[in-house]
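S.K.: My structure is below; once you've seen it, I'll send some questions.
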Amino acid sequence: MTFDWNEVWDRHGQSESLDHMEVSGFQSFRDVDTENCAGKLIELCKIKPQDTVLELGCGAGLLGRHLDKYCHYIGSDRSFAMVKKTIQLNHFSALAISANDIVFKDKAIDHVFAFSVFHYFPSYDYAKTAISEMLRVARKSVCVSDIPTESHDGNHLLFDEDFFEGWQISEGLYPREHRRYTARLDLEV
């Protein structure tokens, strides 16, 4: 039997907490500067103010609350409870969708990204389908950031850089004791 991360995120979304970090599962990482992470993502993906940006696994809006001030941001999360919580906390658009079945038409969004969520996916096949969906929906770039190469939690799915063969690899958006990396693919030249 595999660990049910969906149950964990539903519970976080249903909590009474109004703390973005706690609801998003970052309670042990309070030193993460999410505004700086959002700025790095904007630079890395070359996001312009007129661009549409879809985040998969937005949680409580750690990056979305900053991106929403800069571009046309849409948050999404598999957990309906988490989507309700992020709308309550941030007052921006968010949808309940799964990363492996994105509801948007082909090439409908300029940039699609996932921040620190791939290790919660149920399987490598799910991750491959999610990447295919991200590539289908995005016009300009796809970014999967803060992918851990090792973890304190045996339930985390780990990806080596070979999983993202042909993508541009850089450091994660925030430093941790374990290495994290970001994989980006530019779709427009």
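Residues in the sequence shown are numbered consecutively from 2, following my numbering.
Backbone N, C-alpha and C define an ideal beta-carbon position, used for all residues, glycine too.
1) Do you know how far the Cα of residue 89 is from the Cα of residue 21?
2) Is DSSP giving residue 133 helix, strand or coil here?
3) Could you check the C-alpha separation between residue 132 and residue 154 for me, to the nearest Å?
4) Please identify the residue among 170, 187, 150, 24 whose C-alpha is closest to the C-alpha of residue 177.
5) Can you give me the C-alpha to C-alpha distance between residue 136 and residue 187, rounded to a whole angstrom?
6) Mind pulling the beta strand (DSSP E) runs of 3 or more residues that sit fully within the stretch 102-172?
7) So what does DSSP say about residue 17, is it helix, strand or coil?
8) Helix, strand or coil: which one does DSSP assign to residue 62?
9) Are the stretch 33-42 and the stretch 96-105 in contact at 8 Å, needing three or more beta carbon pairs?
10) Give the DSSP-derived three-state secondary structure of residue 75 in the structure shown.
11) I need the boundaries of the alpha helix (DSSP H) containing residue 84, first residue and last residue.
12) According to DSSP, which residues form a beta bridge with residue 54?
13) Return the CA-CA distance between residue 120 and residue 140, expressed in angstroms with no decimal places.
14) Below 8 Å on the Cβ atoms is my guess for residue 80 versus residue 7; work out the distance and round it to an integer in Å.
15) With 16 as the cutoff for other CB atoms within 10 Å, does residue 3 come out buried or exposed?
16) Confirm, please, whether the CB-CB distance from residue 82 to residue 11 is below 8 Å.
17) Where does residue 185 sit, in a helix, a strand or coil, going by DSSP?
18) Pop quiz: residue 111 and residue 24 are said to be a contact at Cβ under 8 Å. What is the actual Cβ separation, rounded to whole angstroms?
M.R.: For this structure:
1) As a first step, residue 21 must be located in the sequence shown, where it is residue number 20. As a first step, residue 89 must be located in the sequence shown, where it is residue number 88. Between residue 21 and residue 89, the C-alpha separation is close to 11 Å.
2) Stepping through the sequence shown from its first residue, residue 133 is reached at position 132. Residue 133 falls in the helix class under three-state DSSP.
3) Counting from one through the sequence shown, the residue named residue 132 turns up at place 131. Counting from one through the sequence shown, the residue named residue 154 turns up at place 153. Distance between the alpha carbons of residue 132 and residue 154: 23 Å.
4) What you label residue 177 is simply residue 176 of the sequence shown in a count that begins at 1. For residue 177, the nearest C-alpha among the options comes from 150.
5) Translated into the one-based positions of the sequence shown, residue 136 becomes position 135. Translated into the one-based positions of the sequence shown, residue 187 becomes position 186. Cα to Cα, the separation comes out at about 10 Å.
6) 110-116, 139-149, 169-172
7) The residue you call residue 17 lines up with position 16 of the sequence shown. DSSP places residue 17 in coil when its eight states are reduced to three.
8) Start at 1 with the first residue of the sequence shown, and residue 62 comes out as number 61. In the structure shown, residue 62 sits in coil (DSSP, three-state: anything other than H, G, I, E or B).
9) no
10) Position 74 of the sequence shown, counting from 1, holds the residue named residue 75. Reduced to three states, the DSSP call for residue 75 is strand.
11) On the sequence shown, position 83 is the one that residue 84 refers to. That run of the alpha helix (DSSP H) goes 81-91.
12) Translated into positions along the sequence shown, residue 54 becomes position 53. DSSP output for residue 54 lists 74, 112 as bridge partner(s).
13) For this step, residue 120 is matched to residue 119 along the sequence shown. For this step, residue 140 is matched to residue 139 along the sequence shown. Going by the C-alpha atoms only, they are around 25 Å apart.
14) Here the question's residue 80 lines up with position 79 in the sequence shown. Here the question's residue 7 lines up with position 6 in the sequence shown. Yes, residue 80 and residue 7 are in contact; Cβ-Cβ is about 7 Å, under 8 Å.
15) Within the sequence shown, residue 3 is the residue found at index 2, counting from 1. When all chains shown are included, residue 3 counts as exposed.
16) Your numbering for residue 11 matches position 10 in the sequence shown. Your numbering for residue 82 matches position 81 in the sequence shown. Yes, the Cβ-Cβ distance between residue 11 and residue 82 is below 8 Å.
17) As a working mapping, residue 185 is identified with position 184 in the sequence shown. Of the three classes helix, strand and coil, the one that applies to residue 185 here is strand, per DSSP.
18) Sequence index remark: in the sequence shown, residue 111 carries index 110 (1-based). Sequence index remark: in the sequence shown, residue 24 carries index 23 (1-based). In fact, because the Cβ distance is near 27 Å, the residues do not count as touching under 8 Å.
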